[in-house]
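These notes are about the structure you will find just below.
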Amino acid sequence: MADAAASPWRARAMGLVLALVVYAIDQGIKAWLLGPLRLRDVGVIDLLPIFDLRWTANQGVSLGLFTADSIEGRIALIALTGVIALFVLVWMLRERAAADIAALALVLGGALGNITDRYLLGHVTDYADLHFGEFRPFLIFNFADAAITVGVLIILARSLLSRDKPETTADTSSKEPI
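Plus 39 on top of the position in the sequence shown (first one is 1) and you've got my numbering.
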């Protein structure tokens with residue numbers, strides 16, 4: 040019985056560790072790209088025919104929404120994303136399913152990475168440019184964005200595919216409507 044009670048707490052602790060790992064990887068990649076690789080100065084580093092490193096300062100959030108080009112806008116965006124990250128943390132700490140905890144950890148770690156960028160730099164550093172010739176199906180993104188996207192997709196898939204079937208009891212099924 041003690042193992043069953045400890046299991047959700049162990050999964051939550053691992054979720055916190057995963058969120059910190061995602062955050063550290065995100066910040067480490069950005070430090071490497073902006074430091075030794077000097078991506079900001081170089082602009083573009085061609086890696087593969089379909090993938091480049093391309094420095095972009097993202098003033099807003101996904102799809103260029105909520106552009107924060109003033110100090111007030113930046114503070115508001117940091118506050119808004121901070122509240123969302125706090126909501127995700129609380130949700131993760133209340134969750135019992137390990138897969139959902141891991142998905143929420145991806146979202147939390149990614150959110151913290153982007154919040155850190157916005158706070159320290161005034162923008163989010165994006166760099167991953169996936170393209171097929173001139174066709175670019177995605178905006179330029181970063182590791183944090185990818186973690187958030189994967190986490191959200193897992194949550195959506197699990198909510199759609201792993202619904203519990205409603206329980207019916209013999210008493211309610213035999214009663215006639217009034």
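Glycine included, each C-beta is placed from N, C-alpha and C at the ideal position.
Source: prediction; values computed, not measured.
Here R93 has V83, D168 and I179 as same chain residues with Cβ atoms under 6 Å from its own Cβ, once five neighbours each way along the sequence are excluded. The DSSP assignment places 163–169 as complete runs of the beta strand (DSSP E) inside the region 137–196, in order along the chain (cut-off: 3 residues). A Cβ-Cβ separation of about 6 Å places F182 in contact with I64 under the 8 Å criterion. Membership of D85 in the beta strand (DSSP E) is indicated by the continuous run V83 to L87.
For A96, the beta-bridge partners assigned by DSSP are T164.
Note on V122: under 16 other CB atoms within 10 angstroms of its CB, so exposed under the neighbour-count rule. Boundaries for R77: no alpha helix (DSSP H) harbours it, and the DSSP string shows neither H nor E there. According to DSSP, residue pairing for D91 in a beta bridge involves D85 and D168. Taken atom to atom, the span from the alpha-carbon of V163 to that of L132 is near 27 Å.
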